[in-house]
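For reference, the structure is listed below as structure tokens.
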């Protein structure tokens, strides 16, 4: 019994880190493939499903060795010949992007990569945080609270971009709220490592339409970290108004046409009709994040140096927050 338990905690058998390893090709028929010994998924007791998206399913789990609660993200692959075929390329990119951003208090931390030896499922082991910004704070907020919420998010973007990572899917659903009210950016399933300027990315618009930048809507695949700053501008506006600024039921083409023709008028209406009490400094930041031209858009570093953020930081407190899990 004891030896069996020990055996189950050993590292899972090594996998070839190439998608074609699941397709029946012989290792001798091509160049030598890298192999990686993943940890064992048996080390984690799976408790319940807490989220699901295009890139994976997230479970709440307990580390059997420490008793600590973690999040397990099972990467979605494809069935080939009746077996699960993990997307190793997606695993490498997501894990590498999240690992590059390790140590920042407002980015969910990656702890390990584990495999289920029985099913072949691969999991990212992540810091467990709580529910999303969308779930916890759907209403409009006063400017001081929005500033306290945006400052750590922009600082997290600064860390990502300094680490040469573009998230590409920043939205309220991908911002988690800890039990103490701390905000953390999560889900690097659409993230990518930066390419040199002018080099196109494989995906033009991997994110969510209401938070997608004009350059991506236009089909430009040679974008940069400015796409994340646009998304943060959309989130800032949403926190101030309680509703998404753009999108609605529009198609990509309709949204691009609307932004191209009406963005300045929409911002003026927002500042003078919807939010007349908004300070000039806040207007400068929001309009800087939502600059149509990515070359004129505020970077994370520039935004943090702006007078709206540079004032003495105030701790974001969210009265009435109730943890979902004990």
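Residue numbers (full-length UniProt numbering): 1 to 326.
Each residue gets a CB set at the ideal place from its N, CA and C atoms; glycine is no exception.
Check, Outcome
"Sufficient close CB pairs (3 or more, under 8 Å) joining the region 41–60 to the region 150–157", "no"
"Residue 46 (DSSP reduced to helix, strand or coil)", "strand"
"Environment of residue 179 [buried if 16+ CB atoms lie within 10 Å]", "exposed"
"C-alpha gap between residue 248 and residue 216, whole angstroms", "17 Å"
"Backbone CA spacing between residue 109 and residue 222 [nearest angstrom]", "28 Å"
"Contact under 8 Å by Cβ, residue 177 with residue 130", "yes"
"Residue 294 vs residue 231 beta-carbon contact at 8 Å", "no"
"Separation of residue 309 from residue 147, as counted between CA atoms", "7 Å"
"Backbone CA spacing between residue 174 and residue 187 [nearest angstrom]", "6 Å"
"For residue 300, the nearest candidate out of 142, 182 and 158 (CA to CA)", "158"
"Residue 89 classed as buried or exposed, judged by whether at least 16 other C-beta atoms fall within 10 angstroms", "exposed"
"Reduced DSSP category for residue 23 - H, G, I as helix; E, B as strand; rest coil", "Because residue 23 sits at a pLDDT of 32, beneath the cut-off of 50, its placement in the model cannot be relied upon, and the following sentence gives the value as read from the coordinates. In this structure, residue 23 counts as coil in the three-state DSSP scheme."
"Rounded straight-line distance, which links the Cα of residue 48 to that of residue 40", "19 Å"
"Under 8 Å between C-beta atoms of residue 95 and residue 113", "yes"
"Sequence-distant residues of its chain with Cβ nearer than 6 Å to residue 128 (five each side left out)", "69, 70 and 71"
"According to DSSP, residues forming a beta bridge with residue 59", "49 and 72"
"Exposure of residue 307, with buried meaning 16 or more beta-carbon neighbours within 10 Å", "exposed"
"Minimum C-alpha distance to residue 330 - residue among 50, 262, 212 and 105", "Because the chain in this structure spans residues 1 to 326, residue 330 falls outside the shown range and cannot be described."
"Helix, strand or coil at residue 291 [DSSP, three-state]", "coil"
"Residue nearest to residue 123 in terms of C-alpha spacing, selected from 233, 73 and 277", "73"
"Under 8 Å between C-beta atoms of residue 259 and residue 246", "yes"
"Coarse secondary structure for residue 198, derived from DSSP in three states", "coil"
"C-beta atoms of residue 143 and residue 287 nearer than 8 Å", "no"
"Cβ pair residue 270, residue 233 closer than 8 Å", "no"
"Endpoints, the beta strand (DSSP E) within which residue 143 is located", "Element bounds for residue 143: not the beta strand (DSSP E) but the alpha helix (DSSP H), 143–162."
"Beta-carbon contacts of residue 252 that lie in its chain and below 8 Å, excluding the five residues immediately before and after", "205, 209, 212 and 217"
"Range of the contiguous beta strand (DSSP E) that encloses residue 115", "110–115"
"Limits of the unbroken alpha helix (DSSP H) element including residue 309", "307–310"
"When 274, 235 and 298 are compared against residue 224, the one with the closest alpha-carbon", "298"
"Proximity to residue 181 [Cα-Cα], best of 167, 145 and 302", "145"
"Residue 123, enclosing alpha helix (DSSP H) - first and last residue", "Note, residue 123: premise wrong, no alpha helix (DSSP H); beta strand (DSSP E) at 122–127."
"Proximity to residue 161 [Cα-Cα], best of 207, 183, 102 and 219", "102"
"Simplified DSSP state of residue 386, which is helix, strand or coil", "Lying before the first or after the last residue shown, residue 386 is absent from the chain, which here runs from 1 to 326."
"Three-state secondary structure assigned by DSSP to residue 207", "coil"
"Inter-residue spacing [alpha-carbon to alpha-carbon] between residue 165 and residue 56", "20 Å"
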